Amino acid sequence: MNLLADDELERSAVVANCRMNRERELVGSNGYEKEVGFNPLEFLRQRTASGRGTAWLDLCCSSGKALIQTAEVILAEGLQVAIVGVDLLGMFHRYDHDPMNLRLIEASLRTWRPDRSFDLIACVHGLHYVGDKLGLIARAASWLTGDGLFVASLDLHNVKIADGKPLGRRIAADLRRGGLEYDRRRRLVSCRGGRAVDLPYRYLGADDRAGPNYTGQPAVDSYYAMTGK
């Protein structure tokens, strides 16, 4: 099988699919709350109640619609919250208010790194289009504050070893050993508290011909070799 390097993958029509998160809102039937099980705005409000500044990083944020909705409420309520959204395509909705509380960044998560830590990091349906899914998960965990929360959609059927077999239960067990949790029913990986995550896998490349996953949209298979750690 000819696997794609990540720079090739990012030029794929599958990765350029902007339909998945394009109109995703904060709440409602197409909202973050439905996908991750909590309202990010309420999470941020609770964090700021102690009087400290709070930050949310959204990976693969698409148009940034939900982030803009959140930023408008935060601005109106005078909360000390910084919001950062990163997306490969940069097809962001317009935001006309104070840019200090919201940054929407067009960048590849293969190379992008933040300049601060975050209380909340989310990646809703973004990992489906990422080559090195496990690498991004490990990096995101390291970007958390000491008591921050990372949560991301992850379909283990799209994480495979070199012979094409899904890693499934083994990956879930290795994630737990690394200090993360995996909810099979909701297909969510999560982590509480910033940490260094060293998973026993070496990324080989990606296949953009995987076809639709559970979302009904075409996804990317990520291939790994086990390192035996």
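The sequence shown stops at residue 955 when you use this note's numbering, and every number in between is there.
Cβ atoms here follow ideal geometry from the backbone N, Cα and C, with glycine treated the same way.
Computed from a predicted model, the values in this text were never measured in an experiment.
8 Å CB neighbourhood of residue i in its chain, flanking five on each side removed
| i | result |
| --- | --- |
| Leu-815 | Ala-742, Cys-744, Ser-788, Glu-832 |
| Gly-874 | Ser-843, Phe-844, Asp-845, Leu-846, Ile-847, Arg-918, Gly-919, Gly-920 |
| Ile-887 | Leu-893, Tyr-949, Tyr-950, Ala-951, Met-952 |
| Ala-945 | Val-740, His-854, Tyr-855, Asp-881, Asn-884, Ala-936, Gly-937, Pro-938, Asn-939 |
| Gly-872 | Gly-919, Gly-920 |
| Leu-729 | Leu-930, Gly-931, Ala-932, Asp-933, Tyr-949 |
| Asn-756 | Glu-749, Arg-750 |
Given residue i as reference, the closest of the options once Cα atoms are compared
| i | options | result |
| --- | --- | --- |
| Phe-769 | Val-812, Tyr-821, Ile-847 | Ile-847 |
| Leu-783 | Arg-737, Cys-849, Asp-947 | Cys-849 |
| Phe-818 | Ala-792, Val-799, Val-807, Glu-803 | Ala-792 |
| Thr-780 | Gly-942, Tyr-908, Leu-870 | Leu-870 |
| Arg-912 | Ala-731, Lys-760, Ala-739 | Lys-760 |
| Leu-862 | Tyr-940, Tyr-758, Ser-916, Asp-934 | Ser-916 |
| Asp-733 | Val-799, Gln-943, Ala-898, Asp-934 | Asp-934 |
| Ala-808 | Leu-835, Arg-778, Arg-820, Ser-834 | Arg-778 |
| Val-799 | Arg-771, Gly-754, Ser-776, Ser-755 | Arg-771 |
Beta carbon of residue i nearer than 8 Å to that of residue j
| i | j | result |
| --- | --- | --- |
| Val-810 | Pro-840 | yes |
| Leu-801 | Asn-827 | yes |
| Gln-795 | Leu-752 | yes |
| Leu-805 | Thr-837 | no |
| Leu-785 | Gly-852 | yes |
| Asp-858 | Asn-939 | no |
| Leu-906 | Val-923 | yes |
| Ala-731 | Gly-890 | no |
| Leu-914 | Ser-879 | yes |
DSSP beta-bridge partners of residue i
| i | result |
| --- | --- |
| Arg-952 | According to the sequence provided, residue 952 is Met. The question's Arg does not apply to it. DSSP, once it has assigned bridges, lists Tyr-927 as partnering Met-952. |
| Glu-832 | Asp-813 |
| Leu-917 | The question names Leu, yet the displayed sequence has Cys at residue 917. Per DSSP, Phe-876. |
| Pro-938 | Pro-944 |
| Gly-757 | Glu-751 |
| Thr-700 | This structure cannot speak to residue 700, because the chain is shown only from 727 to 955. |
Same chain, Cβ closer than 6 Å to residue i, five either side skipped, listed in chain order
| i | result |
| --- | --- |
| Ala-866 | Ile-847, Phe-876 |
| Asp-947 | Asn-884, Lys-886, Asp-933, Ala-936 |
| Val-762 | Val-877 |
| Tyr-908 | Ala-898, Leu-901, Val-915 |
Own chain partners of residue i with C-beta closer than 7 Å, once the 5 adjacent residues on each side are dropped
| i | result |
| --- | --- |
| Ala-864 | Val-923, Leu-925 |
| Gly-954 | Pro-926 |
| Ser-834 | Glu-736, Leu-814 |
Contact test: residue i Cβ vs the ligand ZN heavy atom, cutoff 7 Å
| i | result |
| --- | --- |
| Phe-764 | What this structure holds is no ligand at all, so the ligand ZN is not there to describe. |
May I have a chain-ordered list of the beta strand (DSSP E) segments no shorter than 3 residues that lie completely inside the segment 816-897? 828-832, 844-849, 870-879, 885-887
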